[in-house]
Ligand code: FPP
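In the working numbering, the protein residues as written are 3 to 253.
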């Protein structure tokens with residue numbers, strides 16, 4: 003079935019966030035090393051970025067490497083970093099062709115120098131694209147991000163630039179790595195895990211969650227369109243009642 007044709011073009015989430023999970027399990031099922039799953043996962047990334055462009059999702063945030071992932075075996079971390087560098091270098095012309103702007107969130111100073119350089123080159127090379135913004139969360143965790151935001155706000159208070167009684171949620175938002183983008187309306191996690199794993203804790207406050215058993219290397223365009231269709235069936239109430247929503251949509 004052609005799922006794309008069933009998608010309502012007037013109700014596309016602007017921002018989708020994805021926890022790409024299950025690469026290791028997928029590789030094991032094939033009798034291969036875990037890293038083989040990460041390599042195949044790159045093909046899913048390419049398809050999903052393309053799918054966003056096709057249906058008009060403007061921002062896509064992918065959880066590619068968490069601060070906790072540094073605790074994985076050194077060979078896997080090294081292989082993942084190498085994969086990232088090579089993929090970014092190889093894919094930049096393709097990102098430009100498809101109108102994709104690359105951005106990164108996370109503690110990027112902790113990434114190997116080669117990785118930081120490659121990222122910076124691709125960010126600069128794609129900065130004028132405006133079809134889709136691809137945000138890679140790298141060495142990212144939400145608790146790290148919120149802690150940083152609190153430190154910056156505390157500094158403003160210490161310098162007398164901000165009175166604690168004036169602190170509102172907008173001050174916290176302004177100090178998050180995601181301050182220039184709208185919050186995701188939809189968060190997808192693959193591989194059957196039902197956790198948020200320190201990902202965009204603040205930004206996902208009102209997001210719809212979509213969980214699928216499909217492992218990331220097998221999650222392709224049709225699976226993404228299925229998630230979008232599921233999102234389009236949800237009623238987003240933001241704390242209001244159904245009746246209030248139907249009254250305001252008729253007025
Ligand atoms: C989770 O699966 C996946 C990761 C920690 C890495 C995801 C990275 C990629 C798909 C490569 C991304 C590349 C670019 C350019 C964005 P897992 O290893 O935790 O799987 P498991 O739960 O089955 O062990």
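Beta carbons: idealized from backbone N, C-alpha and C, even for Gly.
Bear in mind the structure is a predicted one, so any value in this text is a computation, not a measurement.
- Residue nearest to residue 4 within the set 243, 225, 241 is 225 (criterion: CA-CA distance).
- Every alpha helix (DSSP H) stretch that sits fully inside the segment 18-85 and reaches 4 residues is listed by chain position as 25-31, 36-57.
- The beta-carbon distance between residue 113 and residue 85, rounded to whole angstroms, is 13 Å. This is too long to meet the 8 Å contact definition.
- Taken in chain order, the whole beta strand (DSSP E) runs of length 3 or more contained in the segment 77-137 are 102-107.
- Inter-residue distance for residue 7 and residue 184 is about 26 Å (C-alpha atoms, whole angstroms).
- A Cβ-Cβ distance of about 6 Å is found for the pair residue 186 and residue 18, placing them in contact under the 8 Å criterion.
- Closest by C-alpha distance to residue 182, out of 44, 157, 99, 63, is 63.
- Of the candidates 190, 197, 160, 149, 149 places its Cα closest to the Cα of residue 177.
- In this structure, residue 58 places its C-beta atom within 8 Å of the C-beta atom of residue 14.
- Cβ-Cβ distances below 6 Å link residue 143 to 68, 69, 200 in the same chain, with the five nearest sequence neighbours on each side left out; the list follows chain order.
- An exposed status is given to residue 115, since fewer than 16 other beta-carbon atoms sit within 10 Å of its beta-carbon.
- A straight line joining the alpha-carbon of residue 87 with that of residue 168 spans about 43 Å.
- Straight-line spacing of the CA atoms in residue 74 and residue 91 works out to 24 Å.
- The alpha-carbon of residue 105 is positioned some 18 Å away from that of residue 82.
- Non-local beta-carbon contacts of residue 117 in its own chain, meaning distances under 7 Å to residues more than five positions away in sequence, involve 83, 86, 87 in chain order.
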